[in-house]
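Here's the structure, in structure tokens; my notes come after.
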């Protein structure tokens, strides 16, 4: 009886310390259980914002292998825990529903995309790389040894990791491709 | 590119090593800037006043009639437009008022030997109460949570207090109406099928009806006027400013409606009181409404302009017309019916007019800024007269009621 | 800065709170200007005139930092007799060849430089220089170096005059690290000799009076005076001034020279290498610095080593001889290069086979992306990878880029969202205008979903050269993979395919070290292992801790010498996260900055020649007599035990040739260069030229714009004629806080799209009145390339500029984030712009161009082409009609047309 | 000192004797105590938004939407819609159910006929250019104090902040201000809420309980600042909760965490008020006449706000009411009028019946 009646805020108003029902008496069960998703996260991972070159440090909160929050890392001497609008939108960037997560393939002269599984795509790309490399291969150019191909070119964005840039430059050079470019020049 | 001539480190006490004397920093001219961008600047802009200042307070709204200048954020409204449904809520106000007064009429009719008047008034009160409840629940964003209205009792919330008026009133008024219905054979037959014990208590029905009617009448008055407090207790300029008069407008309008409807339904010989109630109501409503429409400066303006203005004119015409017919021909059936209908229509139109005026005053920042600026100016003047003015926009503490509106 | 680097801007606010003056020089009043003390509205494209005016002000009023300039710069060096200044040749420096549009630098040498050709040509710029001039933040001085073996030098000389080298853009033949100049120049410490760099500088900027600055830039003399007062009175022993620029500065036809002018000014004022001074480059991408340090750039190997040049570097010896600077740390180039080859080819790289030098491909010209796109249209390029880049929106002349993509055999796009460059064949503007149709576009397209920054681990290098390690938070969804995964497995598959091949050209791939450990069932290559390879390994198999440990005998390996130390003591230093509250303001234990975790370059200059700090207030690095070492708040940018009074013995090499008073240790002469005898392709000194598309006549010279501008001819790249009535307004492009470059990472997000939902242009009330434009309504902008529509935002923050001859120059501001894909869509601003390139860096001039603007929406479909063609005819420009997929109906686009098409 | 209005007998006096002098309006020192929380309730927290250092980057808007997963809306609050407003860089337009933070942009200019100010060496020309006065010494770190190194204690410029001399003839001022729910001492929305969905938290903030609100909409017209609004397809009302859930985890609200220039400062209300007074004094010291605090004064119409502002122009230029008053202040007078009205009804009807027996 007591608990049932106690559940009714009016009763709490009459008997408690909040006669006008403005705060303590009006709280619902759900309000009592309010908790921050940063507290219930499984782990916090240290990262860096992918947008501009200031390099603001980010804390990434993960729960059940899903990203639940990305905010600034107060320890950073560069950003002191703060972020700009783009940095603050990082969670939406990584969890965007419009992200493409499966390989898409467009046949020459086709008017729409088709699906393709990842491994097949990798094999097809390898075939084409070798073919284009061969087609554009030059042992010499203007009488000088060049040992290169002009058939394959690449344009990287400047949000590539150093490790990715390194493997790309190493592989492309080994293939003989020289038309390797990056947004750093745009 | 940005250059920051950076004097990092502590302050310098050393004199200026620059190669020219440290000029005296200019005193920044006061506030008030000419708006540079924003709305369409291609219209030929007013020539800025020549001479040092050259700035005026915020942007100049092109107003039809020259009036107090005021600034705003690109002409955007400051407070939010109420989200209540139109016309459901004005109808709710009308029905509340009509039912409230009808319940009082019914109760008095029961004890002054006017059976037909009592019956009709009880039907009006019961129907009005039920319709009010339905309209209130329909206006909710989450109708299924209507019981939350009784979750707390907050004296600071007219809607909370209103819910605790509407609940008993609607219960008792519909009960009275129900007991009245049991006088009809078919209804009694149907009733006994559902409630077999009914015939046993048949004798007590009139007593039950009378007590329900009296119970309902107890809430009839508040039922009619709490809705005025409901809209006055908002930040909507045209509702809040006349908070002293609106309850009387609603009271008068309720009586006009209640009296009118019961007069129209009841044979003239028993409808005497309804006529008098109606006429009393009209008088009160017109008197109070006049103050609302003219007593509050710029904030009264919405009652004359646009849709609200049209509604208020129609309301006044119907109310005065109805009252005249009631007064002159009220004793004849056709007069009673015509008068009653007109009065009811006038009452509904008044509610819709007041509602519409409030909406209009919410949508235009003028009605929020100008009165508040006048209030600040009055306060500065008052304080200027007594003590030196202090900065900021605080209100003088002290008698709330003496604050000029 | 508040616009595109808001979180970095907190430090400007912090400085302002301590009393600093903030001056913002920009054609527009932006969110930075709102916090600045003074906004200087400048006519776009005239920064050199303004900066030159400041240099003249400094020189004329003796406000330069005398001790600093005499000791640490080449002000006292004597320039050769046969140098003739542009002031005397009506805008051309000596040595200009009109046919090739290039300079021969030999006439710019210091005096007494025997005519031994500067063996190798280095393209200009400081150690951090790369194609984009967006490298290290501190000043941009060139290096010197010299072939040590005369016989080899002579042989080199023969090749220098070889037309292929000359035509192939000498700048590309050199990597970075600056040009080699023969020997130490003669010096006149009194700076009185007429041919000292100091006097040459004074004469060069003599005409840049405040009046001339006002005439060219529109900046009133009073405003110029105010800037000059604040900057000069705040640059001395006690105080320093910092200059901050964003990428826009490099996107001019004189971009490299913009930064040179600022370097000269800052060097004269003694602000270089000192706390609160220098030039801060605010770069636009998370790892744009990293993308030039460990570059996917055609002219660079990791660590700014030049890409081997076909004509110059026939062997490793040539390569090392040609580029190894006599003095300065570039002297150890052989160690760096051999270590790189060992890192790439492991045991297969032995002294016998030149450590595999011959396996590397050679460059012999401009292979930058715009030249590649022109070749694509001509069908010469068959396969293209787009790795997180959206050229059809982000590059100028979007139409030309899309035509390029349409002529490929196959295209691989790796991105998070379906960007415009992947769907050009289906929804591109050319499909709507009928210039192209899916049925005629034969490009086979693979869209490979990428992993986001939290779904992979690795390092970004931010704009202060700081490497910060990111940990992996979650696995990428479904088929999404990191670019590391993609290239590792692509390489693995290719090596498997070519395992048995005997074809010599496959040796590089076969011998390449590619056995990185993989993690998890998706077999992600271990990024830490790659970083460790970049760091380099010593003979004992342990990670190197400094590039000074690198040997040229093949005993050490190292993927990028400037990054050596990031894995010192086998610890991933980039992953350090010591809170700033537990360390000083330099915060050296957060992440790792290259080189050697030094946070400010050339900080030896923060001490006077004797090694004492210039002032107590600006103390940073100084000589500690007892311990006999350099010490201070940062890692000293000097050999720790080299005494300030050290004088190099005769014939000393590499860093030993740097004296105790030479803070600029990457330079051959250890001095900051006020005058660049070699290395820049458009002049030893910056001088004012009008942009390629300008509405104003050059007030200084008959030469209207930079004579060395590189143009790419083709119907899709017509140029607006200068001072044309048909294109009477100047247009500049820029970014907004709320969006990210081409929009792939912002226009697909609701929370950013709603903040700036539609493509708009900012227009002054005067121009709005002139053209009848209404705030919030549509307007159409048209140029010789295309026509686009945008909503108009009328604002007084952008204003017309009154120039000398009374002409009013109307300026239009145009953010360039939009195109048809994503939530927030609009026309592509870059479709309006043409491509003309700065010869030093091959960077496009998209910060200033011309256009017309008229109210209303643009024509749709084929009428759009008629509409633009009409404008071309009225402006006297050749037709822009194209054949199938943008192929020119008649001309061969790849032929380089010197004269403006 | 504040006298209590005679208009509200009883309700004005703190019947519970918890020093809650002014339960309906006027200063209320212990707003949580008045709402029934015990003595151990945390200190009242709030925002001090110093618009003079705001750079209009809108990080607060995005951080707020990201934390509270709010839907996108256009400048009229229409859900999932987008559109350029033409109001300078403000396409958010207003606070509402889907935007709990709104950065306002106002472009102003004025001709300056003064000769170019010749100012001496930077730093020494400030009237009181001593060491930056930082009223808050950075205490123990922890997320709540992560941003205590406040930057704007010192004078920023002798011109108005957010103002820049542009060229020789003009000053342009680009006012930027991040607006938010004021979490008033006397909250009109809370008072009029009939279901108790709107309640005072232990931190002194005002929050909507989503599981209680039945969408009656009464709070919407009751807010004198026009902050709270109903979300059409949801039926309930929404507004800033000052990140009530983050506060329970000892974190700062998302907007204050993100704000790059510390324009939004979160902390204990009394501490913020001290900091704001110092900041205002500094600006006044530099002759910035147009600076004023808005919502800091307990004696204003809503008893002061826990989210208050330093503005550089009239409040209405930012879209804020110049003299907001909580409607509850006049409620007692309204109830009296209503009671009188009801009594008149009964009276008139009664007298109507008293007339001759059968008219």
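Protein chains in written order, with this note's numbering: chain V, 1 to 186; chain F, 187 to 591; chain G, 592 to 1492; chain X, 1493 to 1851. We put the CB at the ideal spot given by N, CA and C, even for glycine.
- Following the DSSP letters along the chain, one finds residue 1210 of chain G in no beta strand (DSSP E), marked with neither H nor E.
- The residues 961, 987, 988, 1303, 1308 and 1435, in chain order, have a CB closer than 6 Å to that of residue 1426 of chain G in the same chain once the five nearest residues on each side in sequence are set aside.
- Per DSSP, reduced to three states, the secondary structure at residue 1728 of chain X is coil, with no helix or strand assignment.
- Of G:1278, G:958, G:1301 and G:691, the smallest CA-CA separation from residue 1294 of chain G is found for G:1278.
- Cβ contact annotation for residue 1364 of chain G (same chain, cutoff 8 Å, sequence separation greater than five): 1354, 1358, 1370, 1383, 1385, 1444 and 1446, in chain order.
- Against chain V, the CB of residue 965 of chain G has no partner CB under 9 Å away; the residue lies outside that interface.
- Taking a Cβ-Cβ threshold of 7 Å, none of the residues of chain X is close to residue 273 of chain F; the smallest such distance is about 16 Å.
- When Cβ-Cβ separations below 9 Å define contact, residue 1341 of chain G makes contact with chain X.
- Distance between residue 1730 of chain X and residue 1721 of chain X, taken at the CA atoms: about 6 Å.
- With 16 or more other Cβ atoms inside 10 Å of its own Cβ, residue 1116 of chain G counts as buried.
- In the three-state reduction of the DSSP assignment, residue 1846 of chain X falls in the helix class, which pools H, G and I.
- At a cut-off of 9 Å between beta carbons, residue 1722 of chain X makes no contact with chain V.
- Any Cβ of chain V closer than 9 Å to the Cβ of residue 319 of chain F would place that residue at the interface, and such an atom is absent.
- For residue 1402 of chain G, the enclosing beta strand (DSSP E) covers residues 1402 to 1406.
- Taking 9 Å as the CB threshold, residue 419 of chain F lines the interface with chain X.
- Comparing alpha carbon positions, the residue from G:683, G:1211 and G:691 closest to residue 698 of chain G is G:683.
- For residue 1040 of chain G, the uninterrupted beta strand (DSSP E) segment begins and ends at 1035 to 1040.
- Judged by DSSP in its simplified three-state form, residue 595 of chain G adopts coil rather than helix or strand.
- In summary, no residue of the stretch 40 to 62 of chain V has a CB separated from any CB of chain F by less than 7 Å.
- Listed as beta-bridge partners of residue 1134 of chain G by DSSP are G:1128.
- The residue from G:1021, G:1062 and G:885 with its alpha-carbon nearest to that of residue 48 of chain V is G:1062.
- Between residue 1570 of chain X and residue 1591 of chain X, the gap from beta carbon to beta carbon reaches 9 Å or more.
- With contact defined as three or more Cβ pairs closer than 8 Å, the stretch 1020 to 1035 of chain G and the stretch 158 to 172 of chain V are not in contact.
- A contact is defined here as three or more CB-CB pairs under 8 Å, and the stretch 432 to 450 of chain F meets this definition with respect to the stretch 270 to 290 of chain F.
- Spanning the alpha carbons of residue 1202 of chain G and residue 1235 of chain G requires a straight line of approximately 6 Å.
- By the neighbour-count criterion, in which a residue is buried when 16 or more other Cβ atoms sit within 10 angstroms of its Cβ, residue 380 of chain F is exposed.
- The Cβ of residue 291 of chain F sits closer than 9 Å to at least one Cβ of chain X.
- Less than 9 Å divides the Cβ of residue 1840 of chain X from the Cβ of residue 463 of chain F.
- Taking a Cβ-Cβ cut-off of 7 Å, the neighbours of residue 1599 of chain X in chain G comprise 1386, 1387 and 1388, given in sequence order.
- Residue 1740 of chain X is a Cβ neighbour of residue 36 of chain V, given a cutoff of 9 Å.
- Taking 9 Å as the threshold, the shortest C-beta distance from residue 1323 of chain G to chain V does not fall below it.
- Of the residues assessed, residue 941 of chain G falls on the exposed side of the cut-off, its CB having fewer than 16 other CB atoms within 10 angstroms.
- In this structure, DSSP gives residue 1409 of chain G a state outside helix and strand, which the three-state scheme calls coil.
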